[in-house]
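As numbered in our numbering, residues 24 to 204 make up the sequence shown, in order.
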Amino acid sequence: MLTRQEALDLVKKHISNKNLVNHCLACESIMRKLAQHFGEDEEIWGLAGLLHDLDYDYTKDDPQKHGLKTVEILGDSVSSDIKDAILAHCEKKVPETRMEKALYAVDPTSGFIVASALIKPEKKLEVVDVEFLKKRFKEKAFAKGASREQMQSCESIGLTLEEFYTLSLEAMKEIATEIGL
Numbered sequence: 024m025l026t027r028q029e030a031l032d033l034v035k036k037h038i039s040n041k042n043l044v045n046h047c048l049a050c051e052s053i054m055r056k057l058a059q060h061f062g063e064d065e066e067i068w069g070l071a072g073l074l075h076d077l078d079y080d081y082t083k084d085d086p087q088k089h090g091l092k093t094v095e096i097l098g099d100s101v102s103s104d105i106k107d108a109i110l111a112h113c114e115k116k117v118p119e120t121r122m123e124k125a126l127y128a129v130d131p132t133s134g135f136i137v138a139s140a141l142i143k144p145e146k147k148l149e150v151v152d153v154e155f156l157k158k159r160f161k162e163k164a165f166a167k168g169a170s171r172e173q174m175q176s177c178e179s180i181g182l183t184l185e186e187f188y189t190l191s192l193e194a195m196k197e198i199a200t201e202i203g204l
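So, in structure tokens, the structure goes:
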């Protein structure tokens, strides 16, 4: 099993865009927070979040291969549950486990939270709150690339959108300096 540092090294090796690296770090932090909330393995959940877009540079022009290339790159270095979560986040398999469903919901949420911070004058996560996120959620033109349906799928893991946003925002605020927000 990859260590967290080995996984981060892989991300930095395979992903050239710093914003996408930050997205992976944000997803990792949210997945860890969710694992903690549910009493799950934070390391495994965190690795799934950190590695989920590992193949982006290779598949950005061929989304049908997204996720599949990541699984190929990872080989036997991670467990099958991590690979399944990676495949589920990009709809290469139906999300079945709590971790798979969580990553599916987390992926657009991290970007939505970043977009919410960037429209504030301070451009900092510290000024974003859950009420602001809920208000922006209703605005279809805001961060339209962040699937509302995917975010709302948090209900499939037993969280309301408000609870999910609360945990996600807390997680991202904990690494705000690291991701430049």
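Don't be surprised by glycine CBs; every beta carbon is placed ideally from N, CA and C.
All values derive from a computational prediction rather than experimental measurement.
Query: Same chain, Cβ closer than 7 Å to E123, neighbours up to 5 away in sequence not counted; Result: D107, A108 and A111
Query: Three CB pairs or more closer than 8 Å across the region 140-155 and the region 116-130; Result: no
Query: Helix, strand or coil at N42 [DSSP, three-state]; Result: helix
Query: Where K30 falls, given that 16 or more other Cβ within 10 Å makes a residue buried; Result: A small fix is needed here, since residue 30 is Ala in this sequence, not Lys. The residue is buried, with at least 16 neighbouring Cβ atoms inside 10 Å.
Query: Inter-residue Cα distance where the pair is I96 and D78; Result: 8 Å
Query: Identity of the residue in D85, W68 and E201 nearest L57 by Cα; Result: W68
Query: Short Cβ contact (8 Å threshold) for I105 with L70; Result: yes
Query: Whole-angstrom C-beta distance between S52 and E197, which should lie under 8 Å; Result: 6 Å
Query: Residues of its chain near A138, where Cβ-Cβ distance is below 6 Å and the 5 sequence neighbours each way are ignored; Result: A166
Query: Exposed unless 16 or more other CB atoms sit within 10 angstroms - verdict on G168; Result: exposed
Query: Straight-line Cα distance separating K36 from F187; Result: 31 Å
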